[in-house]
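Asker: Numbers 8 to 191, taken from our numbering, label the letters of the sequence shown in order. Even glycine gets a Cβ: it sits at the ideal position worked out from N, Cα and C. Before anything else, here's the structure in question.
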Amino acid sequence: MTQSKQLTLEKMKLTHVQAEQQFKFMEIEYSSFNEQNKQEFAQKFRQNKMLYTECQKKLRDLQSDIDKQPQSHFNTVVKKTQPIQISGLNSDLHSQVNQLNHLDSRLLEAEDTQISILDNLRSQKEKLLKAIEDTKEIQSGVKMTQRHATMIKNRESYNKGILMTLVCILTIGNILIIYYKFVH
């Protein structure tokens with residue numbers, strides 16, 4: 008086998024080993040995000056979303072109750088209530104609004120996290136598929152190189168056989184020539 012073909016074979020073997028190692032690493036990375044993590048994330052996401060929708064519903068109910076009351080009744084209620092009660096209601100309403108804002112931001116963070124996780128999973132899947140394709144290409148290249156190496160070995164053996172046959176024929180011819188010279 009020529010030296011350049013041998014170098015090519017060694018390079019292809021090295022590339023094949025590297026591709027297999029990369030593929031194994033990607034499999035390990037993909038399997039580390041297991042089903043339990045996915046379920047915990049989905050459960051937390053649902054809980055936060057439910058809490059958010061409940062708070063939004065309460066806020067809408069309060070708004071509709073205020074809107075349903077006649078204006079004169081609202082004025083009498085305001086006149087009858089003490090300023091301390093109004094400030095207490097405002098602080099409760101303010102704390103609920105803050106809680107809603109906080110839950111809204113957490114919900115958006117959870118959605119962003121979910122999107123980024125899905126994007127990462129897609130990209131890892133694409134990388135795995137590409138690594139599989141690359142591995143298949145490398146394997147076919149290695150097989151082709153092995154076939155060529157076998158063909159070269161076969162030709163080398165065939166050439167050695169022909170050479171040995173010629174040497175034997177020449178040796179026999181020389182022996183016959185020497186025999187006939189001395190016998191006659």
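Decide if threonine 120 is buried, meaning its Cβ has at least 16 other Cβ atoms within 10 Å, or exposed.
Answerer: To locate residue 120, count along the sequence shown from 1; it is residue 113. It counts as exposed.
Asker: For histidine 6, does the three-state DSSP call read helix, strand or coil?
Answerer: Outside the modelled stretch of the chain, which goes from 8 to 191, sits residue 6, for which no answer is possible.
Asker: With burial defined as no fewer than 16 other Cβ atoms inside 10 Å of the residue's Cβ, what is the status of isoleucine 145: buried or exposed?
Answerer: Translated into positions along the sequence shown, residue 145 becomes position 138. Burial call: buried.
Asker: Roughly how many angstroms lie between the CA atoms of glutamine 25 and glutamine 10, to the nearest whole one?
Answerer: The residue you call residue 25 lines up with position 18 of the sequence shown. The residue you call residue 10 lines up with position 3 of the sequence shown. Going by the C-alpha atoms only, they are around 23 Å apart.
Asker: Could you tell me the alpha carbon to alpha carbon distance between valine 149 and asparagine 166, rounded to whole angstroms?
Answerer: On the sequence shown, residue 149 is found 142 positions in, with the first residue counted as 1. On the sequence shown, residue 166 is found 159 positions in, with the first residue counted as 1. One C-alpha to the other measures close to 25 Å.
Asker: Exposed or buried, threonine 172, counting other C-beta atoms within 10 Å across all chains shown (16 or more means buried)?
Answerer: Within the sequence shown, the letter at position 165 stands for residue 172. Its Cβ having fewer than 16 others within 10 Å, threonine 172 is exposed.
Asker: Lysine 20: which of Lys143, Val104, Ser112 sits nearest, CA to CA?
Answerer: Along the sequence shown, one-based indexing puts residue 20 at 13. Measuring from the Cα of lysine 20, the nearest candidate turns out to be Lys143.
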